[in-house]
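Residue numbers (UniProt numbering): 1 to 579. Everything below concerns the one structure shown next.
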């Protein structure tokens, strides 16, 4: 029955009327359509087709899906190596995906740092982020692509948070990152922190005299974190609100470059001095034998043709060491010493020679013919001479060294009715970076009035210098002086006090307290001196390593300090070369 049904279904009387084609029963295609279909596709059409597909992503550096249109080929240099910083041996190019994440991180950082701007208020209100400084970020299926990208990269924003202490009412002592380079204290605590204390604010850990209440937390905090806390000014109502800083930069401000470096896992510590010296060369540029290993050193130096060139360019007394080093040592030697037998800058000569040898080698390998190098030595000499003349005529490349003069530096007493407060900061160069500050107050006759010192725990040298300025002003205020000269050998500290610092800078709060003291009703001069004229304060600062974490006054100078005081008063000074 079923067979009869299908036989009858396809009989002529059941066939539906079809279009009658003129030739052979095939549809006719216009010639213009045939030509359009036979044309090759361009990049724009491929990109448009890819993005219309929707589910596919475009991870390639040129914005296309690599698996869709590229074949698998072997590359001479990996993309990972090309994207390394120039100081690490790469070309400094950036991964597009990580660069886009850095841009989205910048947008997320703006939601915190520019909380009151119109665009931030619109996004915060639309996606119910709350009124806190740190927004609550959550994406739904109805969220815009922009907001989804911000939420997807929010972990990079949170990873860059570092609080700057103000009044201490917003920062959680244990669960927020506020100690430089230590992360959250609850993660490094020596024992588990009680749950009921995890939300304690920093303002709860200070005494009535605005000092740290050490006995409440020092038994839980490691030594290195305690040292850093000692260098942080305790919270106070006059400090303003707590602020958020970007921990991947030196000044606390956000930059796309620092965000990319943190996302890509790059660090300035990975830089190699050899690559830095190569990029500092005044040249844009960095043999064919059957013996030896075909590596970079063989091509550039040990090949018979390359060796004959170097024998003409290098002094014969340097041949033994020049031809018996590995690649890295060989580069370091040529970048740091003058080995040339010709009267040209050896850095330029070395770079052009390496580039010429490398170029000739590639022309031979890839069959490009190249120029006639019957006498490569004179070709290289001509290139060196041309390059040297170009650099000599360029104003940018000519480095004029400033002239120096010798001058006698000594401590100078203040004018009548004035006192001079010499201050200095000390910071060790070991892993702990222990720091201290100290200073000396003297009258117009150079007599010792009082000294002061303070152990700062662990901080940078510039923080120690600024703590010294602050401690000197506090000492002068306590002893009732009205005409004071603050003298320091840190020009950077003077510029920071007299300039404007970003609010997120690590030293912004300390500089703010210094400026507040400077604006009181007294005459204060802040001036710079050289190290030779500040030796007594330096000795007092070094003696402060063994002092307490609070400001200590010294009525009798230590023996080492007394020797420098006598030298300042009766000595003839020290000679220093000054620019």
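Quick reminder that beta carbons are idealized off the backbone N, C-alpha and C, glycines included. Please read all numbers here as calculations on a predicted model, not as lab measurements.
{"Check": "Let me confirm a value: residue 126 is counted as buried when at least 16 other C-beta atoms fall within 10 Å, else exposed. Which label applies?", "Outcome": "exposed"}
{"Check": "To the nearest angstrom, report how far apart residue 220 and residue 212 are at their CA atoms.", "Outcome": "15 angstroms"}
{"Check": "Going by DSSP, what residue range makes up the alpha helix (DSSP H) through residue 422?", "Outcome": "Run containing residue 422: none in the alpha helix (DSSP H); it sits in the beta strand (DSSP E), 419 to 427."}
{"Check": "Starting from residue 564, trace the alpha helix (DSSP H) in both directions and tell me its first and last residue.", "Outcome": "559 to 570"}
{"Check": "I'd like the span of the beta strand (DSSP E) that includes residue 527, first residue to last.", "Outcome": "523 to 528"}
{"Check": "From this set, 467, 215, 364, which residue's C-alpha is nearest residue 233's C-alpha?", "Outcome": "467"}
{"Check": "From what residue to what residue does the beta strand (DSSP E) around residue 409 run?", "Outcome": "405 to 409"}
{"Check": "Do residue 539 and residue 558 come within 9 angstroms of each other at the CB atom, strictly closer than that value?", "Outcome": "yes"}
{"Check": "Just the C-alpha distance for residue 209 and residue 546, rounded to the nearest angstrom, thanks.", "Outcome": "23 angstroms"}
{"Check": "Determine the extent of the beta strand (DSSP E) in which residue 226 is found, giving its start and end residues.", "Outcome": "No beta strand (DSSP E) contains residue 226, which is instead part of the alpha helix (DSSP H) from 223 to 230."}
{"Check": "Please determine if the segment 134 to 151 and the segment 177 to 192 are in contact, where contact requires at least 3 C-beta pairs separated by less than 8 angstroms.", "Outcome": "no"}
{"Check": "Can you tell me whether residue 201 is helix, strand or coil according to DSSP?", "Outcome": "strand"}
{"Check": "Between the beta-carbon of residue 526 and the beta-carbon of residue 575, is there less than 9 angstroms?", "Outcome": "no"}
{"Check": "Would you give the residue range spanned by the beta strand (DSSP E) that residue 457 belongs to?", "Outcome": "448 to 458"}
{"Check": "Distance check for residue 308 and residue 375, CA to CA, integer angstroms please.", "Outcome": "11 angstroms"}
{"Check": "Suppose you measure from the CA of residue 106 to the CA of residue 151; what does that come to, to the nearest Å?", "Outcome": "12 angstroms"}
{"Check": "CB residue 244 to CB residue 112, shorter than 9 angstroms?", "Outcome": "yes"}
{"Check": "Is there contact here, the segment 448 to 459 with the segment 223 to 237, by at least three beta-carbon pairs under 8 angstroms?", "Outcome": "yes"}
{"Check": "Where are the alpha helix (DSSP H) runs, 4 residues long or more, that stay fully inside the segment 113 to 153, in chain order?", "Outcome": "118 to 126, 145 to 152"}
{"Check": "Can you tell which of 473, 491, 551, 529 has its C-alpha closest to the C-alpha of residue 519?", "Outcome": "473"}
{"Check": "Bridge partners for residue 552 per DSSP, in chain order?", "Outcome": "453"}
{"Check": "Give me whichever residues DSSP pairs with residue 485 in a beta bridge.", "Outcome": "420, 525"}
{"Check": "Nearest CA to the CA of residue 331: which residue from 357, 301, 341, 561?", "Outcome": "301"}
{"Check": "Judging by CA-CA distance, which residue of 553, 264, 347, 507 is the nearest neighbour of residue 582?", "Outcome": "The structure shown does not extend to residue 582, since the chain is modelled only from 1 through 579, so no value can be given for it."}
{"Check": "At the level of alpha carbons, what is the spacing between residue 133 and residue 172?", "Outcome": "13 angstroms"}
{"Check": "What span of residues does the alpha helix (DSSP H) with residue 437 cover, start to end?", "Outcome": "Looking at the DSSP string, residue 437 is not in any alpha helix (DSSP H); the run it does join, the beta strand (DSSP E), is 434 to 442."}
{"Check": "Per DSSP, what are the beta-bridge partners of residue 172 in this structure?", "Outcome": "201"}
{"Check": "For a test of the three-state rule: what should DSSP assign to residue 179, helix, strand or coil?", "Outcome": "strand"}
{"Check": "Would you decide whether residue 239 is buried or exposed? Buried here means 16 or more other CB atoms lie within 10 Å of its CB.", "Outcome": "buried"}
{"Check": "In whole angstroms, what is the alpha-carbon distance linking residue 99 and residue 207?", "Outcome": "46 angstroms"}
{"Check": "Any idea what DSSP makes of residue 578, helix, strand or coil?", "Outcome": "strand"}
{"Check": "Can you name, in chain order, every residue of its own chain whose Cβ lies under 7 angstroms from the Cβ of residue 414, other than the five neighbours on each side?", "Outcome": "420, 444, 485"}
{"Check": "Quick one: Cα of residue 358 to Cα of residue 124, how far?", "Outcome": "57 angstroms"}
{"Check": "Residue 274: which of 551, 530, 90 sits nearest, CA to CA?", "Outcome": "90"}
{"Check": "Based on the DSSP output, what are the partners of residue 480 in its beta bridges?", "Outcome": "In the DSSP output, where bridge partners are listed per residue, residue 480 has none listed."}
{"Check": "Closer than 8 angstroms to a non-hydrogen atom of the ligand NAD - does that hold for the CB of residue 169?", "Outcome": "Ligands in the displayed structure: none, and consequently the ligand NAD is not present."}
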